[in-house]
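A quick write-up on the structure given underneath.
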Amino acid sequence: MIKMNNINKVYQTEMVQTHALRDFNLEVEQGEFIAVTGPSGSGKTTFLNIAGMLEPFSSGTYELDGIDVGKLNDNQRADLRNQKIGFIFQGFNLIPDLNLYENVEVPLRYRGIKSAERRKRIERCLELVGLGARAKHLPQQLSGGQQQRVAIARALAGEPRFLLADEPTGNLDSLMARQVMEILEEINREGATIVMVTHDPELARRAPRNIQVVDGQLADFSLYQGAPNKEQTAGDIAARAAEA
Amino acid sequence: MLWYYVDLSWRSFKRTPLVSALMVIAIAIGIGITMTTLSVYHMMSADPIPSKSEQLFALQLQTMDEGEGWFTKDDIPYQLTFKDAQRLMTDAKGDAQAAMVRTGFAVHLGDESNAPKLMDARATGRDFFSMFNAQFIHGGPWSQSDEDNAVNKVVLERSLSEELFGETNPVGKTVFLDKFLFEVVGVIEPVTEHTKYYDLNNGSFKRPERVFYPFSLVKELEIGTWGNSNGWKREMVTTFKQRLDSEIVWIQYWVQLDSPESKANYEQYLKGYIQEQQKIGRFARKEPKYSLRDVNQWMEYNEVVSEDNKILVLLSFMFLAVCLANILGLLLAKFMRRAPEVGVRRALGASKTQVFFQHLVEVGLLGLFGGLLGILLAQLCLWGVRESYSYYSALAKMDFLMLASAPIIAIVACILAGLLPAWQVCRTNPAYYLKTQ
Chain A
0 MIKMNNINKV YQTEMVQTHA LRDFNLEVEQ GEFIAVTGPS GSGKTTFLNI
50 AGMLEPFSSG TYELDGIDVG KLNDNQRADL RNQKIGFIFQ GFNLIPDLNL
100 YENVEVPLRY RGIKSAERRK RIERCLELVG LGARAKHLPQ QLSGGQQQRV
150 AIARALAGEP RFLLADEPTG NLDSLMARQV MEILEEINRE GATIVMVTHD
200 PELARRAPRN IQVVDGQLAD FSLYQGAPNK EQTAGDIAAR AAEA
Chain G
0 MLWYYVDLSW RSFKRTPLVS ALMVIAIAIG IGITMTTLSV YHMMSADPIP
50 SKSEQLFALQ LQTMDEGEGW FTKDDIPYQL TFKDAQRLMT DAKGDAQAAM
100 VRTGFAVHLG DESNAPKLMD ARATGRDFFS MFNAQFIHGG PWSQSDEDNA
150 VNKVVLERSL SEELFGETNP VGKTVFLDKF LFEVVGVIEP VTEHTKYYDL
200 NNGSFKRPER VFYPFSLVKE LEIGTWGNSN GWKREMVTTF KQRLDSEIVW
250 IQYWVQLDSP ESKANYEQYL KGYIQEQQKI GRFARKEPKY SLRDVNQWME
300 YNEVVSEDNK ILVLLSFMFL AVCLANILGL LLAKFMRRAP EVGVRRALGA
350 SKTQVFFQHL VEVGLLGLFG GLLGILLAQL CLWGVRESYS YYSALAKMDF
400 LMLASAPIIA IVACILAGLL PAWQVCRTNP AYYLKTQ
């Protein structure tokens, strides 16, 4: 699904070069649910932006579903993003002027899906997140948890194969966070690949595969105990790191 | 996607009504001023008779002796002598021809029903009406026989006919021009709408005459000109006959030449005529010139549209540019404020091109609204011009072309002003705004 080889991302200013990612290598298989953890400023969000083709990388190769992303122009990347990727953001990022129906409709509009098909998908996705009855409401009329559910519905409406979530529960209380996580797990069970950046060890522990980004690189799990293991959790890694 | 962009634009206007209204008003003022000057310019420079403008030619003859100059660009007088005009009319070598001169009379019915009205009249040939597409409501032009025999026949413009005879058909009735009794043979609509191109001597935009009568009557009734007379030769002119025989130029002459062959033949005829006249001591110069200018060339030659008018149009466009510069600043601020939303749209699959066009549609709509409001403003300005200067009464109007142009100019101008803001917003880094939103 995703294959990143020696990805580097350097932010260049007049005075300073900042390496956000260094020789970053990662393979993600179809249907995986991965939690990405790491300290602030470690490069998690940069990784997510590159994975979502929102930012170019400085060097390396990135293949998404066998397509070499580095060779695509902006329009082709936008098209690929629209076809294959769904985003869920910490700040929800709903468009305030659009009601829930219209917010969920945005990616479908850019894909050129016909009106009847759009309606079917939007209604289904809003029902899935329990907000079918509130389609005409504006985002500001909803709680934070409800807004994030709308964002999930929006991400799902395009039926993406790859869902990128950047701290999707960061702005929610624990009850809401659990509800959102349950929805993500349900989506994953239905076949979607999910990469979720989180600071929450409890949420990370619920993901079948954990990776940690430190100083722009994947943490070398072998430091802690043997080879990387898909069953390891961020909590385990953190504990072992403390021991080491 | 166009309707989606239109919908988004409308929402954007509703979200920032004050800024949007300010921009629409700025465009409207710019367009209003621009369209006012452009409309007047357009009416001034418009082809007044597009169906025939390339077949009608104003004739000029360089009658002066060697060494004598004229105040025209090409050293040829604007007008002809009476004797040349009469001879050319008699020879009638064009497909149609009309000598003409502006005169004037006190027009009345010879009773107490109407007070005499002093007004312009035009002595001309009967071909004048067909040449200049005059539309007859009643009757027709006088006959060739009337013209040859200098019979008192007259064609009236509709408005004068109604003033004198009401709604009735006046053909066969009589009217006095000064002390002379004339029979009405026809009633016409005004010959021109705005530019009095057939005689540009006394104001290009004066309304056309309302009285027309045979040119042959000028000699018969000794009718003097109300137009311009110019001379170059020292000669004794104390009687009307001396004037007719003099080298004074005071007659306008138009000839219709329907084909290039006709024109070539006519030029050949003119050369022969000049050589013939040289034998009797006229056109005494090495290479006397003549000129045949079609309607549009004639208007350009006479500078119907002055430099001042052109400068005014230029200034109005510069004013529009100032309005657009202000709009550009407002658009830049408005669009950049929306960068976070654009970031979301880009993350959800919108390409830069789509974002760019979304914003161009928005500025295009602004232009449309500004253009429509600008038309209303231009109408108001044109009304003010018409009310202030009667000279512009026929010119200060917007025809269909100008009406249609106003929103197009507004939209194009706004899109030009919106290119930079739209480009700026579409090239923002979505990742930055997604994180900071």
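Just so you know, the sequences run in chain order A and G. Here the first sequence stands for residues 0 to 243, numbered as in numbering that gives the first Met the number 0. Here the second sequence stands for residues 0 to 436, numbered as in numbering that gives the first Met the number 0. Note that CB positions come from ideal geometry on N, CA and C, so glycine has one too.
Interface annotation, S8(G): not in contact with chain A, CB-CB separation never under 8 Å. With a threshold of 8 Å between beta carbons, I94(A) makes contact with chain G.
If you draw a straight line from the Cα of D165(A) to the Cα of L313(G), it is about 56 Å long. The beta carbon of N229(G) sits closer than 6 Å to those of V248, all from its chain and outside the five residues before and after it, given in chain order.
Cα atoms of N301(G) and Y265(G): separation of roughly 23 Å, rounded to the nearest angstrom. Taking the Cβ atoms as the reference, R120(A) lies roughly 6 Å from L107(A), within the contact range of under 8 Å. Between S350(G) and the set Q29(A), L99(A), I66(A) and G111(A), the nearest pair of CA atoms involves G111(A).
With contacts defined as CB atoms closer than 8 Å, L364(G) and V5(G) qualify as a contacting pair. Taking CB atoms only, V341(G) has no neighbour in chain A less than 8 Å away. Scanning chain G for C-beta atoms nearer than 9 Å to the C-beta of Y109(A) yields M0, R344, L347, G348, A349, S350 and Q353, reported in chain order.
Here DSSP, grouped into helix, strand and coil, assigns K240(G) to helix. Excluding its 5 nearest sequence neighbours in each direction, T15(G) has C-beta neighbours in its own chain below 8 Å: K333, listed in chain order. Any Cβ of chain A closer than 8 Å to the Cβ of Y3(G) would place that residue at the interface, and such an atom is present. Across the structure, V254(G) and A98(G) are spaced so that their CA atoms are roughly 9 Å apart. At a cut-off of 8 Å between beta-carbon atoms, L433(G) makes contact with chain A. Taking the C-beta atoms as reference points, F204(G) is found nearer than 8 Å to L394(G). N209(A) and A150(A) do not touch by the CB rule: their CB atoms are close to 23 Å apart, not below 8 Å.
Residue pairing from DSSP places G185(G) in a beta bridge opposite G138(G) and V154(G). For K119(A), the three-state secondary structure derived from DSSP is helix. With respect to the 8 Å criterion, A421(G) and L359(G) are classified as neighbours on the basis of their beta carbons. Contact between V100(G) and L155(G) is ruled out by a C-beta separation of about 18 Å, above the 8 Å threshold.
Remark: C-beta atoms of G226(G) and N200(G) approach each other more closely than 8 Å. Closest in C-alpha terms to Y272(G), from the list M335(G), D90(G) and E234(G), comes D90(G). One alpha carbon belongs to D244(G), the other to Q85(G), and they sit about 11 Å apart. Sequence-ordered contacts of the region 286 to 307 of chain G with chain A are nonexistent [C-beta pairs closer than 7 Å].
Here I182(A) carries a helix assignment [DSSP, helix/strand/coil]. Counting only unbroken stretches of 3 or more residues, the beta strand (DSSP E) elements lying wholly within the region 101 to 146 of chain G are 116 to 123 and 135 to 138, in sequence order. Closer than 8 Å to the CB of A19(A) there is not a single CB belonging to chain G. Of F86(A), V212(A) and N74(A), the smallest CA-CA separation from A191(A) is found for F86(A). Interface residue (Cβ-Cβ distance to chain A less than 8 Å): R14(G) is classified as such. For I210(A), the uninterrupted beta strand (DSSP E) run begins and ends at R208 to V213, by DSSP.
Neighbours of A134(A) across chain G, judged by C-beta separation under 9 Å, do not exist; the nearest C-beta is about 17 Å away.
Taken in chain order, the whole alpha helix (DSSP H) runs of length 4 or more contained in the region 264 to 311 of chain G are 294 to 300.
For P420(G), not one C-beta of chain A is nearer than 8 Å to its own C-beta. With a threshold of 8 Å between beta carbons, F86(A) makes contact with chain G. Under the 8 Å Cβ criterion, the region 33 to 43 of chain A does not count as touching the region 52 to 71 of chain A, having fewer than three qualifying pairs.
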